[in-house]
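In what follows, a single structure is set out as structure tokens and then discussed.
Okay, structure coming up:
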């Protein structure tokens, strides 16, 4: 049975997968539905949702199409979330594996760096980084990854430490395999699945951090994000709360989808592990 | 108690190099910033002549080399001096100390709420693993966990602040109300209801899930079986045996989540206009006040270390197995 069928068989995994597929389609189709810049003014300001068929979700304070913003925002949220998680997992896995393999002083030094990053609130670090370097998409991605790589690093290190003591690794050492070959062929493939299961949580966290940064006005100012839409809507929160509520709901659904997918994934991986 | 003291000493010493990494890292991060505090100040007053600029630079020590400034910073930190804030025109330590209590109140209340309600609901869910009640609570907690706290804050303030007018939507207390004693405490409590709910909700879900998972773990252990073999009632087993033993992982969680909660309070304080530590970080960013930003990061790192230390000690006191070997070594 493949991982996918295993994933689909758990209700969480299936629900998560459906949500993520819909989101991915939304993100991909956004430029087709709304080829114009979502920041362009298209109608009268503060049009209530469901009153005009051409603008189903209404317009914001400046008369911009909320639905267009929402769909383009899905692109930004998913892109930043996934990219930041990839950077974090990659860096974390490399450093964690290195620490686990090297041992001794290198391990000690690397883990103190991990400690240092863990005791600084990731969001404060991201805030400082973006404000120092200047808000643009790559900077936001790096800033989020800066606070998120420690968990995969710790996990990868723990996995490596436990796997390198197993019999089959000892066996490959006995037959004279090169340490690097053992690391890449024997240890890493077995250490990766738990780290991958963790990456769903990291994607979700990254999406939320991006939204919070944009909400505080520290996102890339040239693109629409859900966080900046919520912040925009906040100025007219009393009269038109829907402007903040709609993009927020999109955020909740996205993060929930990622979590459900992650739960299903780790369940499927656990079942495969217990059978192996 | 001796064991706790040794643990305290040991952890304090081992956190010094970590703190040093934080300080050096922060220093170089802010060093990379284009434009320093003097530039920001000059921009705010509309520029100045060369002599004034050079004088300002010298007074902030900005004319010295990177290394001597790093050394200056570390040595002044060792004397508990955080430097001078440009935006506030006052010592950073003073500004931080003024703002910190509000944030500690916010975080403390949010932790108490989420720990209390979360662990209780976790027991309810974990009492019968796999039951309908368990599945419903677990799914609800997952949904709750997905809600961004700053957005929840906005929604709560629209519903309970603007529509129903039950709670105030900004500040920590009514300004110039002249209230004292209990009246003032109640006033502050009323102001904290919405921000605390918004900040605590995520952690409530987290504690619920941790408690539930820990209970599922304990159910599988021999003494749980022994307890039911003795013919104890299910309620008694759940509360006396399972829940009590499942509480320890929640304590660890408390330490792990401090940094996250501190980060979350930055946004919550902005939503509810609370003059706290997190709001200060945002003001430091807006004012390009690098020394202040650095002080905030260092203080928050110390705060996280201290909370983790307290959690470790509580853990060691509750579970005699923990730390016994470390401390005696």
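Protein chains in written order, with the working numbering: chain A, 11 to 286; chain B, 159 to 487. The C-beta atom is built at its ideal place from N, Cα and C for all residues, glycine as well.
Out of curiosity, what's the CA-to-CA distance linking residue i and residue j?
i                      : j                      : result
residue 354 of chain B : residue 243 of chain A : 22 Å
residue 264 of chain A : residue 310 of chain B : 15 Å
residue 461 of chain B : residue 472 of chain B : 17 Å
residue 432 of chain B : residue 330 of chain B : 6 Å
residue 107 of chain A : residue 235 of chain A : 35 Å
residue 279 of chain B : residue 396 of chain B : 13 Å
residue 198 of chain A : residue 164 of chain A : 14 Å
residue 366 of chain B : residue 299 of chain B : 7 Å
residue 16 of chain A  : residue 223 of chain A : 36 Å
residue 242 of chain B : residue 154 of chain A : 29 Å
residue 483 of chain B : residue 439 of chain B : Caution is warranted here: a pLDDT of 46 is assigned to residue 483 of chain B, below 50, making its placement in the model unreliable, and no coordinate value can be reported.
residue 260 of chain A : residue 32 of chain A  : 12 Å
residue 169 of chain A : residue 100 of chain A : 15 Å
residue 76 of chain A  : residue 200 of chain A : 46 Å
residue 250 of chain B : residue 128 of chain A : 24 Å
residue 418 of chain B : residue 149 of chain A : 21 Å
residue 182 of chain A : residue 166 of chain A : 20 Å
residue 271 of chain A : residue 285 of chain B : 26 Å
residue 229 of chain B : residue 446 of chain B : 22 Å
residue 180 of chain B : residue 475 of chain B : 30 Å
Helix, strand or coil for residue i, going by three-state DSSP, please let me know.
i                      : result
residue 403 of chain B : helix
residue 468 of chain B : helix
residue 484 of chain B : Reliability of the predicted coordinates at residue 484 of chain B is poor, the pLDDT of 45 falling under 50, and the value obtained from them is presented with this limitation in mind. Looking at residue 484 of chain B - three-state DSSP - the assignment turns out to be helix.
residue 368 of chain B : helix
residue 62 of chain A  : strand
residue 260 of chain B : helix
residue 15 of chain A  : helix
residue 185 of chain A : coil
residue 286 of chain A : Legend: pLDDT at residue 286 of chain A = 49, less than 50; position of this residue unreliable, no value from coordinates given.
residue 169 of chain B : helix
residue 496 of chain B : Nothing about residue 496 of chain B can be read from this structure; chain B reaches only from 159 to 487.
residue 342 of chain B : helix
residue 74 of chain A  : strand
residue 233 of chain A : coil
residue 446 of chain B : coil
residue 123 of chain B : Since the first residue of chain B shown is 159 and the last is 487, residue 123 of chain B is not available in this structure.
residue 305 of chain B : coil
residue 248 of chain B : strand
residue 36 of chain A  : helix
residue 184 of chain B : helix
residue 55 of chain A  : coil
residue 69 of chain A  : strand
residue 324 of chain B : coil
Just checking my contact of residue i with residue j at CB under 8 Å: how many whole Å lie between their CB atoms?
i                      : j                      : result
residue 81 of chain A  : residue 43 of chain A  : 6 Å
residue 376 of chain B : residue 413 of chain B : Not quite, the Cβ-Cβ distance comes to about 21 Å (not below 8 Å), so this is no contact.
residue 94 of chain A  : residue 216 of chain A : 4 Å
residue 399 of chain B : residue 382 of chain B : 6 Å
residue 244 of chain B : residue 369 of chain B : Not confirmed; about 46 Å, so no contact.
residue 424 of chain B : residue 466 of chain B : Between residue 466 of chain B and residue 424 of chain B the Cβ distance is about 20 Å, and since that is not below 8 Å, they are no contact.
So which residues of chain A does residue i contact, with C-beta pairs closer than 7 Å?
i                      : result
residue 439 of chain B : 134 and 137
Between the Cα of residue i and those of the options, spot the shortest distance and give me the residue it belongs to.
i                      : options                       : result
residue 219 of chain A : B/308, B/186, B/441 and B/182 : B/308
residue 176 of chain B : A/120, A/109 and A/78         : A/120
residue 437 of chain B : B/238, B/250, B/212 and B/258 : B/258
residue 157 of chain A : A/56, A/131 and A/208         : A/131
residue 444 of chain B : B/271, B/428 and B/416        : B/428
Cβ closer than 9 Å: which chain A residues qualify as neighbours of residue i?
i                      : result
residue 449 of chain B : Result: empty, since nearest Cβ-Cβ is about 12 Å, beyond 9 Å.
residue 428 of chain B : 225 and 226
residue 463 of chain B : 129
residue 458 of chain B : 129, 130, 131 and 134
residue 313 of chain B : 251, 254, 255 and 258
residue 303 of chain B : 214, 265, 266 and 269
residue 455 of chain B : 130, 131, 134, 135 and 138
residue 300 of chain B : 22, 266, 269, 270 and 273
Under 8 Å between beta-carbons, which chain A residues line up against residue i? List them in chain order, please.
i                      : result
residue 126 of chain B : As shown, chain B starts at 159 and ends at 487. That puts residue 126 of chain B outside it, with no answer to give.
residue 139 of chain B : Given a span of 159 to 487 for chain B in the structure shown, any question on residue 139 of chain B remains unanswerable.
residue 363 of chain B : Going along chain A, no residue has its Cβ under 8 Å from residue 363 of chain B, so there is no contact; the nearest lies around 10 Å.
Give the residues of chain B in contact with residue i, contact being defined as C-beta atoms less than 8 Å apart.
i                      : result
residue 104 of chain A : Chain B residues near residue 104 of chain A: none, gap ~19 Å exceeds 8 Å.
residue 122 of chain A : 175, 176 and 179
residue 247 of chain A : 312, 315, 316 and 320
Can you name the residues of chain B whose CB is closer than 9 Å to the CB of residue i?
i                      : result
residue 221 of chain A : 306, 308 and 309
residue 240 of chain A : 306, 308, 309 and 312
Using a Cβ cut-off of 7 Å, pull out every chain B residue sitting near residue i, in sequence order please.
i                      : result
residue 126 of chain A : 176, 179, 180 and 183
residue 141 of chain A : 443
Would the C-beta of residue i count as close to the ligand MN, meaning under 7 Å from any of its heavy atoms?
i                      : result
residue 187 of chain A : This structure simply doesn't include the ligand MN, nor any ligand for that matter.
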